[in-house]
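Novice:
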Amino acid sequence: MYKTIDDLANRWLKRRPDGLSQLENRVLQSTLERTTISRDTNKAVAFHQTFGDRLADTIARIGGSWSFILGFLAFLVLWTAGNVWLLSRDAFDPYPFIFLNLVLSMVAALQAPVIMMAQNRQTERDRIDAAHDYEVNLKAEIEIMALHEKLDELRHSQIIGMRDEIVRLAEMVKRIDERLAQQQSAS
1 MYKTIDDLAN
11 RWLKRRPDGL
21 SQLENRVLQS
31 TLERTTISRD
41 TNKAVAFHQT
51 FGDRLADTIA
61 RIGGSWSFIL
71 GFLAFLVLWT
81 AGNVWLLSRD
91 AFDPYPFIFL
101 NLVLSMVAAL
111 QAPVIMMAQN
121 RQTERDRIDA
131 AHDYEVNLKA
141 EIEIMALHEK
151 LDELRHSQII
161 GMRDEIVRLA
171 EMVKRIDERL
181 AQQQSAS
């Protein structure tokens, strides 16, 4: 039906082929070749991750979990209770817990950029997923429009065939009527 990307671009996207993005060209090429376009974007992202990326994702996942929050809360309660009541005379870090503040500041200073790195990678994953969704949706739209066109052509050819058959049958009925009229006039 359509032989080139130019034909498809003009017909379905109503655009000139030189104005198409790389993604749209890939979709049209896939349509011409009748190949699938879906792929596992998670594998593509995982393939390009470094050890540091995976480590940052793991730290962010653990740091954002209820287990970490509850465990850290338990640690803070034990630290303060231990230094206020249990070790009141020989407290390791007496009130106002200067050393604890230092530890918390260091944890926050390390955890914040790691979480931001993980969020940046998640944003990149979301961008890749959105581009892939657009690609799949565009191909689906093109395929649906092509199916509609084929159905319209099929229906049109059937209507023409039916019209020709009706004309043929009408001529046959006319000849039968003429014969009957001749037979009645002869008798």
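Quick note on numbering: UniProt numbering labels position 119 of the sequence shown as 119, and the sequence is numbered without any gaps. Think of the CB as a built atom: it goes at the ideal place given N, C-alpha and C, for glycine as much as any other residue.
1) Excluding the 5 residues preceding and the 5 following D6 in the sequence, name in chain order all residues of the same chain whose CB lies nearer than 7 Å to its CB.
2) My output table needs one value for G82: the three-state DSSP class, helix, strand or coil.
3) Along the chain, where does the alpha helix (DSSP H) that runs through A91 open and close?
4) According to DSSP, is T50 part of a helix, a strand, or is it coil?
5) Under DSSP, the alpha helix (DSSP H) around R121 begins and ends at which residues?
6) Of the residues L73, R121, K174, which one's Cα is nearest the Cα of T58?
7) From K139, Q158, M116, pick the residue whose C-alpha is nearest to that of R26; which is it?
8) Suppose contacts are defined by Cβ-Cβ distances below 8 Å. Is F97 in contact with T80 by that definition?
9) Beta-carbon within less than 7 Å of A131's beta-carbon, same chain only, minus the 5 sequence neighbours each way: which residues are those?
10) In terms of residue numbering, what span does the alpha helix (DSSP H) encompassing R11 cover?
11) Where does T31 land, buried or exposed, given buried means 16+ other C-beta within 10 angstroms?
12) Can you grab the Cα-Cα spacing for the pair R176 / Q183, in whole Å?
13) For D6, does the three-state DSSP call read helix, strand or coil?
14) Give me the Cα-Cα distance between Q119 and R39, rounded to the nearest whole angstrom.
15) Taking A44 as the reference, give the member of D129, I144, Q158 with the closest Cα.
16) Looking at G63 and I142, is the spacing between their C-beta atoms short of 8 Å?
17) What three-state label does DSSP hand I37 in the structure shown?
18) With H, G and I counted as helix, E and B as strand and the rest as coil, what does DSSP make of L20?
Specialist: Answer, in terms of the structure:
1) Around D6: P17.
2) The answer is helix: DSSP assigns G82 an H, G or I state.
3) For A91, no alpha helix (DSSP H) encloses it, and the DSSP letter there is neither H nor E.
4) T50 falls in the coil class under three-state DSSP.
5) For R121, the enclosing alpha helix (DSSP H) stretches over residues 98-186.
6) The shortest CA-to-CA distance from T58 to any of L73, R121, K174 is the one to R121.
7) Here the closest residue by C-alpha is K139.
8) Result yes, Cβ atoms of F97 and T80 sit closer than 8 Å.
9) Correct list, in chain order: L23.
10) Counting along the chain, R11 falls outside any alpha helix (DSSP H), and DSSP gives it neither H nor E.
11) So T31 ends up on the buried side.
12) Contrary to the premise, residue 176 reads as Ile rather than Arg in this sequence. I176 and Q183: Cα-Cα distance of roughly 10 Å.
13) Here D6 carries a helix assignment [DSSP, helix/strand/coil].
14) Looking at the two C-alpha atoms, the distance is approximately 23 Å.
15) The residue with the shortest Cα to Cα distance from A44 is D129.
16) It is not a contact, given that the beta carbons lie outside the stated cut-off.
17) Note: I37 maps to coil in three-state DSSP.
18) Note: L20 maps to coil in three-state DSSP.
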